[in-house]
Each structure stands twice: as structure tokens, then as C-alpha cells.
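Note that my numbering has the sequence shown beginning at 520, numbered continuously upward.
Worksheet for the structure shown next.
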Amino acid sequence: MEGVLQRRAEGLPDGGGRLVLGDLLLHEGPGTRRLPGRLLVHLKQGRVQLGTGDRILFSSKLRRPRLLGLPGESDYPRRLAYQGIFLTGFLKDPGELVLLQSGIGWRHDIDYLAARLGNFLMASAPPAEAGVLKALLIGDTGDVPAELNTAYALSGVNHILSISGFHVGIVFICLFQLLFLLARQLETLTRHCNLRRTLLLVALPAVVFYLFLSGTQAATLRSVLMIVAVLLALYLKRELDPVNCIVLAAFAILSGAPETMFDLSFQLSFLAIWGLVVLSSELAAPVRGIKGVPGWFLLLLAASAAAILATLVPVAYYFQRVSFTGLLANVAVVPLMGYGAVVVGFASLPICLLAPGAAQPLVQLAAALVRASDYLVAYLARLPVWSGYYPTQTDLALSVAALGALTLVRPVRLARIVVLLPVLVLTARGVPAGRQADGRLEVIFLSVGQGDAALVRLPDGKRMLVDGGGDYGDLELRVGERLLGPALHALKVDRLDYLVLSHPHPDHLQGVLWAAAYLEVGEFWESGIPGTSQEYRKLKWVLASRAVPVRTINAASAPFAAGGVQVEPLWPERSVPLTGDENDDSLVFRLRHGRSSVLFTGDLGGQSEAELLASGTSLNTSLLKVPHHGSKYSSSAEFLKAVAPKFAVISAGFGNNFHLPAPATLRRLQHRGTRVYRTDLEGSIQAICQADGTVIIGAPWGHFN
520 MEGVLQRRAE GLPDGGGRLV LGDLLLHEGP GTRRLPGRLL VHLKQGRVQL GTGDRILFSS
580 KLRRPRLLGL PGESDYPRRL AYQGIFLTGF LKDPGELVLL QSGIGWRHDI DYLAARLGNF
640 LMASAPPAEA GVLKALLIGD TGDVPAELNT AYALSGVNHI LSISGFHVGI VFICLFQLLF
700 LLARQLETLT RHCNLRRTLL LVALPAVVFY LFLSGTQAAT LRSVLMIVAV LLALYLKREL
760 DPVNCIVLAA FAILSGAPET MFDLSFQLSF LAIWGLVVLS SELAAPVRGI KGVPGWFLLL
820 LAASAAAILA TLVPVAYYFQ RVSFTGLLAN VAVVPLMGYG AVVVGFASLP ICLLAPGAAQ
880 PLVQLAAALV RASDYLVAYL ARLPVWSGYY PTQTDLALSV AALGALTLVR PVRLARIVVL
940 LPVLVLTARG VPAGRQADGR LEVIFLSVGQ GDAALVRLPD GKRMLVDGGG DYGDLELRVG
1000 ERLLGPALHA LKVDRLDYLV LSHPHPDHLQ GVLWAAAYLE VGEFWESGIP GTSQEYRKLK
1060 WVLASRAVPV RTINAASAPF AAGGVQVEPL WPERSVPLTG DENDDSLVFR LRHGRSSVLF
1120 TGDLGGQSEA ELLASGTSLN TSLLKVPHHG SKYSSSAEFL KAVAPKFAVI SAGFGNNFHL
1180 PAPATLRRLQ HRGTRVYRTD LEGSIQAICQ ADGTVIIGAP WGHFN
């Protein structure tokens, strides 16, 4: 396969990267054919020094992007399709790439300049601070540690890590002031031209160059276009209207790339600046003139509140949590990072190209400012965030409509109240009234790819999560943040009364680790057989640090009641490994609700199935979670005969490399007359078990692939 890089290679916090290729040629045997559209290549690890226009050769299995069928799932295939991307590929490291031909042109040269500047920053400061400086100065977030990224998000100041209007504005103002100070020394200029207007125009090309150096993100482009609009208004001697500038910038971007409308950074960037224009003056008015409080502090506080209010509903919808900590965090972080690290760091960039040694003190000073910000953010990230708000798409539309209405009726205070009250009432629907006990046992087998995750709604309204999914390669998946979190949020779950881990393999553990860290957890259940991985040790540390009670259950444990059901632990026999295979030590338990029951089996293998059968334990159940994703080494004929399930659910990833579920397992289930549901084909599976033995099962979030 060969293709041409369409834009700068993107680094990712997990150490990998992404490449978008066009002009695709597929080499099959002796022939070659051209493919339409673009290809997104995921790089598992390593960085590539490639620029726009480079032609590369590689070998990869191509896939079509598809939905998983999860509640609250983002339409990833649609987002890619808007960019003209219809295929994806995967490479382990840059060694699998061959550069056939270097690109030519100014975009290619700017990409290599950005790479050179990024390498200088990484060599001149500690890795964490250098990664943040790369994000601030050239728009490359790939070296920002994942934990630090999360801390900035939880503190409500993650916008500072993405180059936006704030960064561009600071660069433009500082550049203008520098040129103004220099030009004032030239008497001829001051006599024969309007110095300020002329220098504003002179500074513009530098800002446009910075736009391309930083990767041409939507927020950066919006800022540059607004600066152009301001300059046009000055030169045409027209009255400047900020809202008109915003509309003009949006129109210009969407005219060239209509698909940007569905880009999240575009939406949040324009909503934030819109909120600043419409709301900040109104919020500042009541507190203006307070004695003993600096005016700049009050203005910054009002601006922070305006941006938070304008983006509150979209942030809750897309990220499942809202941080009001940003109200205060912005007051400290914005001066440190914006007026400090950005200005000092940006000053070092041209110097490093001429005299790298002279630029290093500036980089180290900028890194010190970043370090101070990091410490502050790490502390603020411990404060609670609001995760109990569940807005719908209707609420999104209402919030934008309210902002539009406020723009039109700004001079009339009574009209503003009339506009806001109905919107507040309607959007308040997103705050749940509380848990409802409906007397049913409901299990939702979440389609999280090649992994297991099941949300259980117990008859008394409590919630249980059995495993959380994950991925051995992870491939930038981050199952908790990207899949499990949005799904639980869509299902209005922000607390888990019981968190259960069947065994510590990544495809079950990673989502559990995320849930333990970011959700309120009442109790954690496991078999007591410890894992050896770093992720398992981290899970135990998180549970201990959050004081979550840990309960060990195995076949020696007596059945007990929880949430209105009977919990019957069946395996392992004791908290001692049976074999060297962690799958065989999976926690197996049955939830019994009247005449209905659900059997969870983890990744139980054939040897443990035989031991379980030999113990004489009754295994009969209404609904079986098929062991080990349908492996041919599990679900033996004898085991299925003992279980005798009416329904069975197989959790597996579509087109997985393990070729699961195995045809032999499917045949054995078919021979038993069991109705089989598969997450890889049908998406998330919902089963409602009633006390009279009735089981209603289906796939309400089924995808249309």
C-alpha cells in the first residue's frame, strides 16, 4: 500500500501516532489499483518525522470504520467520512514505513520546521514540561503525559493546551508591541504614516505563518480570521461588532470545509468566544468596582464564568462531566501559561534557529512556569467534578438557541429573563430524579470491542459493573474514556454500587480501572487471586486510595443477597491459582432473581469447566455469558448441557484477530437450541429478567453497518 501524507503526522499521548494518506495505490500481486478517498493509519508506538506531501509505502490490513453499537456512542465513521476517510490501517512502529519520495512545497517545509522546533523543545526541558510547551507553541499534544492531560481536563483548563484564539491573540499583541517599540525609534515612520494601523498590518503575516506552524486547527483559524476582520474594520473605518466577527469567521471556515461543523473543537471554540462576547460584560457588571479586588481579576473571573456557562451543556454531553474548578483555575493558569510560558516560549523559537544555546534559558524559564501551572492543576484536579447531568441533543440545541436569543435581546433585561427561564427548565431535565426500583434484573452487555463489560441494573435500583473491557494493544483506544464512560453516562450511571473483576486480563481490567478511578464505587468484588500486571497493581492502589471496600468471593463463599438478587459464587474453588492460566481462575457467579438467572463466566477455560462440573454444583441458568468470547476451548458440550441456557451472549470484537467466536462453539450452542446474541454483530445486548422466569432480550442500540 502506498499513499501521500495529507497533513502533518499527529502524535498521541500513548506514544503512537496517526497519519492521514491520500492518492492511495493498492498493490495486489502483480497489479496496482487506485483507491478513492483517504486512509487513516494508526501507529501503535514511536514518532515519524514526515511532512505533508511525503509518499510512503507500507503493508497493513485495511478496515472500514464501523460503529460498535454502544449507548452514547460517538459516530466515529461519520466523523472520518466528513474528512474523506473511508478506510483505516494499523502499523506497530515507524520501521514498517518506507519513504518513497519526499514532499515539496511550503507546507512540507513548515511541517519539518515544526518538527525541528519540537525536537529542540524536548531536548531543552524536562519531558513533561517540554511536552506541554510543544502543545502551547506548535500545537503538538503528542508528548503531553496522559495523566497531566486528564488533570487539566478535570480542572477545567484543558483549553490552554490547545492552540486557540487566546494563544494567537497573545502572540499577535506581543508582536505588535515589539514592532511598535522598534518603529517609534524611527522618526520618519512616525511622521509619515499611522504607525499603529501600519504595524497591525505588518504583524498579520507573522500570525498567518504561526497558523500553519501550529497545524491549522479550527480554533486557531477562527482567531486569525477574526483578527483579519478587525483589521478590515479599522482600515475601512467601520464600527466593529464582535458578534459579526464571529459569524464572519464561522462562515469563512464552513465555506471552505463544511464538515468542520461537526468538529468538536470547532463547536466548543465558537461557543466559548460567543459566550465571552455575550455574557462576560453582563457577569462583570454586578461585581465591577468591588473595593480591594483588582479589576483585572474580576474581568478574568467573569470571562471564565462566561465561557463555562456557554459550553456547559455541550461539555456535559460530550465529556460526561463539568468542572466548575475552572472558574478559579483560569485566574491562575491563564496568566502563568498565557502571559508567561507562551510569551517566553514563543520568543525562544526564532532564537533557537540561529543560536540554540542562547534560546535554552528562555525555554527553561518557560518550563518553570509550566511546572508551576502543572503543580496547581494537579492539586485542583482532586476537587470533585459534576457528573450528574445528562443532557440530550435537544438540550444542546436549546442551549445554542438561548445564546442566540440573548445575543439579539442583550439591551433588554426583562427579555433576557423571558428567554432564559424556559431554557433552564427544559435543560434541567438532564438532572436525574433518582434511582427507580422497578423489581427487574436488567443486564446490558456492552459492545466494547474484543473485551467483556456488562452493566447490571438490580431490582432495587442499584448498579453493578461486571468487567470493563479493554484491549491488549490499546491502540489509543482508552476504553474507559472513549467507550465505557460515554456508555455509562448515556445510561445515567455515575455510581456503581458493585464493581466486579472476573480476572486481571487487559480486555476485562482496563475499563474497571477507569471506573474505579472516576466513578463513585460502593464495593469491589474479585476472586482474591492477584494479578501480576502493572495495570492490576494500579487498580489496587486506586481502590486503596479511594477507600473502596474489597470483597473476595469464590466457591467457598456462601450465597448472599445484594441489590434484590441472590449472588451465588461458583468458581474458583479458593483464592489460589488452579493453573498458570489466569483465564482458568476467572470469577464465575450466578445472579438469581426469582425463577430467572444470569451466569457470568469470565474467560473460563475447558479445564476449569471440567473441574466445576466434577464438583457437582448446579449450573442451570436462563442466560449465559459465554466463556472466553466463544473460544473453541471453552463451552464444552458437557458444560452447555449442565447450564442448559435458553439464551447466550457472546462478547467479541468485529473481525478480531483471534477469530472469535469459534465456529465449533457456535455449533455446540446451536445443537443445544440456545438463542445466541453477539456484540460483534448486533452491538450492545439488553436482557431483562423477570422474577417469573420471563427473559426479554434484544439489541436496542444495534448499529447499521
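For each residue, glycine too, the CB sits at the ideal point set by N, CA and C.
- For A916, there are no CB contacts under 8 Å within the same chain when 5 residues up- and downstream are skipped.
- Secondary structure note for K1160: its alpha helix (DSSP H) is the uninterrupted segment 1156-1162.
- For R982, the three-state secondary structure derived from DSSP is strand.
- In the DSSP assignment, G859 falls outside any alpha helix (DSSP H) and carries neither an H nor an E.
- Looking from the CA of L1089, the closest CA among L1138, V1069, S1115 belongs to L1138.
- Sorting L569, G1125, L538, S1115 by C-alpha distance to the C-alpha of D1104 places G1125 at the top.
- By the Cβ-count criterion, F685 is buried, with 16 or more other Cβ atoms from all chains shown falling within 10 Å of its own Cβ.
- In the DSSP assignment, R1197 falls within the unbroken beta strand (DSSP E) covering 1194-1197.
- Of the other Cβ atoms in all chains shown, 16 or more fall within 10 Å of the Cβ of T739; this residue is therefore buried.
- Within the same chain, R1014 come within 6 Å of E1039 by CB-CB distance, once the 5 residues on both sides are set aside.
- DSSP places T551 inside the beta strand (DSSP E), whose first and last residues are 550-554.
- When C-alpha distances from K1151 are compared across I827, A804, V687, P1180, the shortest belongs to P1180.
- Short of 7 Å from the beta carbon of A824, and not among the five residues preceding or following it, lie these beta carbons of its own chain, in chain order: L802, L846.
- Counting only residues of its own chain and dropping the five nearest sequence neighbours on each side, I689 has a CB closer than 6 Å to the CB of G857, V861.
- Distance from the CA atom of T571 to the CA atom of P813, rounded to whole angstroms, is 47 Å.
- Counted as a single uninterrupted DSSP element, the alpha helix (DSSP H) harbouring G650 occupies residues 646-657.
- Residues A803, V806, R807, I809 of the same chain have their beta carbon placed closer than 8 Å to that of L817, with the five preceding and five following residues left out of the count.
- Going by C-alpha positions, T1136 is about 30 Å away from Q969.
- Closest in C-alpha terms to P1023, from the list L1106, L767, A1034, V1061, comes L1106.
- The alpha carbon of L820 has as its nearest neighbour, out of F838, V560, A835, P854, the alpha carbon of P854.
- In the pairwise beta carbon analysis, the region 828-838 is classified as not touching the region 623-643: fewer than three pairs are separated by under 8 Å.
- Going by beta carbons, L732 and I629 fall inside the 7 Å limit.
- Listed as beta-bridge partners of G522 by DSSP are I575.
- When Cβ pairs closer than 8 Å are counted between the two stretches, the region 768-788 is seen to touch the region 736-755, the count reaching three or more.
- Closest in C-alpha terms to G1047, from the list K1057, A1035, L1028, T1071, comes T1071.
- With a threshold of 16 other beta carbon atoms within 10 Å, H1027 meets it and is buried.
- Here S643 carries a helix assignment [DSSP, helix/strand/coil].
- About 6 Å separates the beta carbon of A1035 from that of L1062, a gap short enough to meet the 8 Å contact definition.
- Annotation: V1095 to W1060 spans about 21 Å, alpha carbon to alpha carbon.
- Taken in chain order, the complete alpha helix (DSSP H) segments of 4 or more residues contained in the region 806-890 are 814-838, 845-852, 862-873.
- Residues M520, E521, G522, T551, R552, R553, L554 of the same chain have their beta carbon placed closer than 8 Å to that of L544, with the five preceding and five following residues left out of the count.
- Between the region 960-967 and the region 1203-1212, the count of C-beta pairs closer than 8 Å reaches three or more; the two stretches touch.
- With respect to A1133, G591 sits apart: the two C-beta atoms are not nearer than 7 Å.
- Here R566 is buried, its C-beta having at least 16 other C-beta atoms within 10 Å.
- W1033 sits close to G999, with the two beta carbons spaced by under 7 Å.
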